[in-house]
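Down below is the structure, laid out as structure tokens.
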Amino acid sequence: MAAIEKYDLIVVGAGPAGSAAALVAARAGLKVIIFERGEFPGSKNMFGGVLFGHEINELIPNYWETAPVERALIEERYFLVSGNSATTIAMRTKDFAEPPYNGFSVLRARFDKWFADQAVEAGALLVCETLVESLIMDHGKCVGVKTGRADGDVYADCVIVAEGANSLLTRDAGIHAEWKTNEVGVGVKELIKMPKDVLENRFNLTGQEGVSMRILGLTKGMTGGVFLYTNKETVSLGFVAMIEDLAARGFKPNDLMEEIKSNPMIAPFIEGGSTVEYTAHMVPEQGYKSVPRLVHDGLLIAGDAAMISNLLTGEGANLAVTTGRLAGEAVVAAKAAGDYSALGLYSYQNALDASYVMKDLKQFKGFAGYLHGNPDLMDLYPQLANEFLKGLLTADGTPRGAKAKALLAEVKKKKSLFGIAKDLWRGWRVIK
Amino acid sequence: MRLVVCLKQVPDASEVKIDPIKGTMVRAGVPSIANPYDMHALEEALRLKDKYGARVSILTMGPPQATDVIKRAVSLGADDGVLLSDRAFAGSDTLATSYILAQAIRKMGEEEPVDVVLCGKMAIDGDTAQVGPGIGSRLDCAVTTYVVGVRSLDKDKKTLVVERRLERGVEVVEADMPVLLTVNKEANEIRYAALPALIESIKYEVPVWTAGDVQLDLAQCGLKGSPTQVKKIFPPPQKDIETVMVTDTISDPAQIAKLLVDKIEEAGMLA
Ligand SMILES: Cc1cc2nc3c(=O)[nH]c(=O)nc-3n(C[C@H](O)[C@H](O)[C@H](O)COP(=O)(O)OP(=O)(O)OC[C@H]3O[C@@H](n4cnc5c(N)ncnc54)[C@H](O)[C@@H]3O)c2cc1C
């Protein structure tokens with residue numbers, strides 16, 4: 384068999400970041416090869432999730448006409464749970480049910496495959512069921528990858544690593560240390576199937592509309608949260624928690640998942656449904672503080688592998704699309720200039736810095752630390768909100784003025800008003 | 584030497600369910616795979632290629648997406664393949680299928696004579712084990728079924744020696760080529776593709792033959808050529824199995840065996 388030819392670009396991983404990078408490079412006429420360890424792109428991937436569409440729409444205008452999307456999300460509910468009670472804050476707008484839409488719930492096994500197919504149609508070669516085991520370095524320059532197959536070394540002018548949050552390749556190449564247990568979280572999700580009309584009645588939806596819920600109060604003070612997304616005929620329910628917190632409290636993810644499902648405030652959403660899929664995945668937690676150097680000689684890092692995600696806004700996949708795209712564009716520019724050194728590829732860093740991606744990441748850089756330092760936020764605050772509001776709403780013959788005073792006194796027993804003010808102030812400071 | 588492997592795309596049996604009311608197979612959304620037995624036939628062919636040198640060609644009949652299994656075969660080392668795809672073939676039973684495949688193999692032979700045809704023992708979506716022998720008898724060549732390995736092959740004398748797994752042991756048979764083998768799963772372990780061949784297979788454009796490309800009497804193809812009619816499909820009824828716990832303290836194997844036989848007789852399970 385003839386030796387494998389040399390490529391302009393090797394992309395590791397056919398997630399949103401890798402496929403976006405391959406797509407723009409292939410469109411510009413570069414010879415691109417993508418390696419994906421899964422049986423097909425998306426087969427190993429999961430997320431909440433919502434795909435915010437702005438970025439993908441720039442690459443593939445009116446993507447919703449061909450992409451396998453589930454529901455256009457028109458409502459975001461914040462759901463603060465404690466005991467038998469929950470306080471909801473919800474924002475619903477019909478505007479998000481119209482093109483260009485704000486975001487769709489998607490299932491990654493279908494979406495990632497479709498997105499990778501766009502790169503293939505643009506001319507990229509997609510090789511699945513093939514694990515990249517290491518980067519081939521020559522005098523500090525990345526010149527190719529070693530795969531797990533026989534005769535499996537492949538060479539290229541440039542490699543984009545888009546391997547996701549586990550980032551073993553860049554760790555082994557000495558680009559960053561092993562992620563610390565407070566830098567990464569684990570996400571667990573069940574896909575729960577129910578008849579379409581039941582789902583639509585339950586969440587007050589018509590047609591293609593969907594809702595997303597962010598649920599606080601069920602992670603036992605661990606940094607993270609519970610999420611729920613409506614798909615066409617399934618509900619995605621799961622949680623994310625920092626690995627350090629899970630380990631410190633000795634929780635098993637499955638047990639926590641069972642507890643969440645049986646919570647009296649959650650159970651009605653999934654009643655009668657049957658679990659058709661159970662998945663777990665790593666997620667970057669710290670944002671900006673964990674981001675390693677992303678530009679090297681012959682090598683760029685994009686997506687979760689670059690630790691680029693936003694805990695506060697729940698964004699990740701769309702950031703991956705943007706970083707992948709910018710990385711791909713930098714390689715196209717490097718080819719035109721014939722310079723694949725870190726200097727030649729540096730336009731990637733410049734473009735990132737100029738984009739919302741890095742600006743947001745910098746803005747929210749203290750957020751994960753803030754949450755981690757305030758377990759009350761995940762636990763006590765939902766409880767206080769529920770108790771206060773429930774008390775106020777209870778008609779039991781007590782004058783409302785006296786009642787408010789008494790309730791406030793109850794709150795103060797659990798957390799001083801000064802403490803609350805401090806938390807709020809610090810919270811404001813980290814995101815301002 | 585030329586080897587032809589018949590490779591069928593089938594629904595992944597582990598994910599097929601039977602609609603209990605309609606009694607039909609629910610195939611929607613079920614992923615397709617290469618018939619596992621056929622993959623062992625392919626591996627046997629590739630081993631012959633490695634040892635004696637041969638051109639390995641794949642023959643698949645199925646819908647347009649069935650090119651996937653041919654590409655997979657090429658990634659493992661097959662040299663080329665052909666997909667037979669035509670509406671006229673839809674609904675073919677084992678009689679019609681073996682006719683169409685045999686005619687296609689004849690046509691492949693015009694280009695380079697075929698010495699060995701390898702099929703899986705059976706396809707997991709029908710379990711008939713009829714197509715392989717059906718092709719062989721139509722080609723009027725030797726047929727050996729249930730092959731668990733090719734011991735040797737003589738290119739000059741045009742013979743090969745195979746081992747066949749029978750109920751009571753292994754039979755060693757010498758056959759003249761051309762010959763058709765149907766292969767069991769125990770024959771071998773399927774290899775893992777090397778990267779250069781995998782890349783070639785992704786780029787490989789599978790030739791597609793329609794009914795017009797092969798010399799065929801259309802009356803013998805598809806539903807028209809298929810006397811078999813499936814009236815109903817149903818899962819075998821679940822038998823209520825009674826479990827009997829035997830408790831005793833004896834430890835002598837002979838005595839344990841006797842006790843078990845007694846119990847089985849007691850239950851009326853021995854005729
Ligand atoms: C529970 C959970 C919920 C989330 N919810 C949301 C949400 O609602 N919205 C949102 O925008 N984001 C969400 N995210 C984040 C989002 O999933 C990620 O940010 C996004 O998937 C990152 O894309 P990526 O392409 O960088 O990496 P990935 O999607 O992880 O893709 C990496 C790909 O590389 C492949 N791969 C890895 N290593 C190798 C190797 N060595 N060789 C070959 N292939 C390899 C993998 O199989 C995979 O296909 C969530 C994450 C989790 C865990």
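As you go down the protein sequences, you meet chains E and X in turn. Residue numbering for the first sequence follows my numbering, starting at 384 and increasing by one per position. Residue numbering for the second sequence follows my numbering, starting at 584 and increasing by one per position. No residue lacks a Cβ here, since even glycine has one placed at the ideal position from N, Cα and C.
{"Query": "Compare the C-beta of residue 785(X) with all C-beta atoms of chain E and state if any pair is closer than 9 Å.", "Result": "yes"}
{"Query": "Under three-state DSSP, which class holds residue 562(E)?", "Result": "coil"}
{"Query": "Unbroken beta strand (DSSP E) runs of length 3 or more, entirely within the region 454-488 of chain E: which are they?", "Result": "468-475"}
{"Query": "With a threshold of 8 Å (Cβ to nearest heavy atom), would residue 816(E) be considered close to ligand 1?", "Result": "Here chain E has residues from 384 to 815 only, and residue 816(E) is not among them."}
{"Query": "Identify each residue in the region 655-689 of chain X for which the Cβ-Cβ distance to at least one residue of chain E is less than 7 Å, and report them in chain order.", "Result": "none"}
{"Query": "Roughly how many whole angstroms lie between the Cα atoms of residue 716(E) and residue 728(E)?", "Result": "8 Å"}
{"Query": "Could you tell me which residues DSSP pairs with residue 669(E) in its beta bridges?", "Result": "For residue 669(E), which the question treats as bridged, DSSP gives no partner whatsoever."}
{"Query": "Tell me the residue span of the alpha helix (DSSP H) that contains residue 639(E).", "Result": "636-645"}
{"Query": "Can you tell which of 834(X), 590(X) and 852(X) has the C-alpha that lies nearest to the C-alpha of residue 824(X)?", "Result": "852(X)"}
{"Query": "Does any residue of chain X have a CB that is nearer than 9 Å to the CB of residue 530(E)?", "Result": "yes"}
{"Query": "Specify, as a first and last residue, the run of the alpha helix (DSSP H) that residue 711(E) falls within.", "Result": "700-720"}
{"Query": "So, is the C-beta of residue 778(X) closer than 9 Å to a C-beta in chain E?", "Result": "yes"}
{"Query": "Run through chain E and tell me which residues come within less than 8 Å of residue 775(X), C-beta to C-beta.", "Result": "532 and 533"}
{"Query": "Can you name the start and end residues of the alpha helix (DSSP H) that residue 588(E) belongs to?", "Result": "Counting along the chain, residue 588(E) falls outside any alpha helix (DSSP H), and DSSP gives it neither H nor E."}
{"Query": "Verify the contact flag: residue 618(E), CB atom, against every heavy atom of ligand 1, threshold strictly below 8 Å.", "Result": "no"}
{"Query": "Closer than 8 Å: is that where the CB of residue 415(E) sits relative to any heavy atom of ligand 1?", "Result": "no"}
{"Query": "For a quick check, are the C-beta atoms of residue 729(X) and residue 765(X) less than 9 Å apart?", "Result": "yes"}
{"Query": "Give the DSSP-derived three-state secondary structure of residue 496(E) in the structure shown.", "Result": "helix"}
{"Query": "Run the proximity test for residue 612(E): is its beta-carbon closer than 8 Å to any non-hydrogen atom belonging to ligand 1?", "Result": "yes"}
{"Query": "What's the C-alpha gap between residue 533(E) and residue 756(E)?", "Result": "49 Å"}
{"Query": "Kindly indicate the opening and closing residues of the beta strand (DSSP E) around residue 741(E).", "Result": "First-last for residue 741(E): 739-746, but that is the alpha helix (DSSP H), not the beta strand (DSSP E)."}
{"Query": "Straight-line CA distance for residue 822(X) to residue 845(X)?", "Result": "23 Å"}
{"Query": "What first and last residue would you give for the beta strand (DSSP E) that runs through residue 356(E)?", "Result": "Residue 356(E) cannot be examined here, being either before or after the span of chain E that is shown, 384 to 815."}
{"Query": "So the candidates are 470(E), 424(E) and 527(E); which of them puts its Cα closest to the Cα of residue 401(E)?", "Result": "424(E)"}
{"Query": "Please tell me whether residue 486(E) and residue 415(E) are closer than 9 Å, where the distance is taken between their beta carbons.", "Result": "no"}
{"Query": "Between residue 816(X) and chain E, is there a C-beta pair that is closer than 9 Å?", "Result": "no"}
{"Query": "Residue 604(X) versus chain E: which residues are under 7 Å apart at the beta carbon?", "Result": "By Cβ distance, chain E contributes nothing, its closest Cβ being about 17 Å from residue 604(X), past 7 Å."}
{"Query": "Residue 641(X) bridges to which residues according to DSSP?", "Result": "588(X) and 664(X)"}
{"Query": "So, are the CB atoms of residue 697(X) and residue 842(X) less than 9 Å apart?", "Result": "no"}
{"Query": "Assess, as a yes-or-no matter, whether the region 766-780 of chain X is touched by the region 721-741 of chain X under the definition of 3 or more beta carbon pairs within less than 8 Å.", "Result": "yes"}
{"Query": "Could you tell me which residues DSSP pairs with residue 661(E) in its beta bridges?", "Result": "573(E)"}
{"Query": "Here's the rule I'm using: 16 or more other beta-carbon atoms within 10 Å means buried, otherwise exposed. How should residue 445(E) be labelled?", "Result": "exposed"}
{"Query": "Secondary structure at residue 540(E), three-state DSSP: helix, strand or coil?", "Result": "strand"}
{"Query": "Please check the pair residue 605(E) and residue 565(E), which I expect to be a contact at CB under 8 Å, by giving their CB distance rounded to whole angstroms.", "Result": "Not confirmed; about 11 Å, so no contact."}
{"Query": "Is the beta carbon of residue 606(E) within less than 8 Å of some heavy atom of ligand 1?", "Result": "no"}
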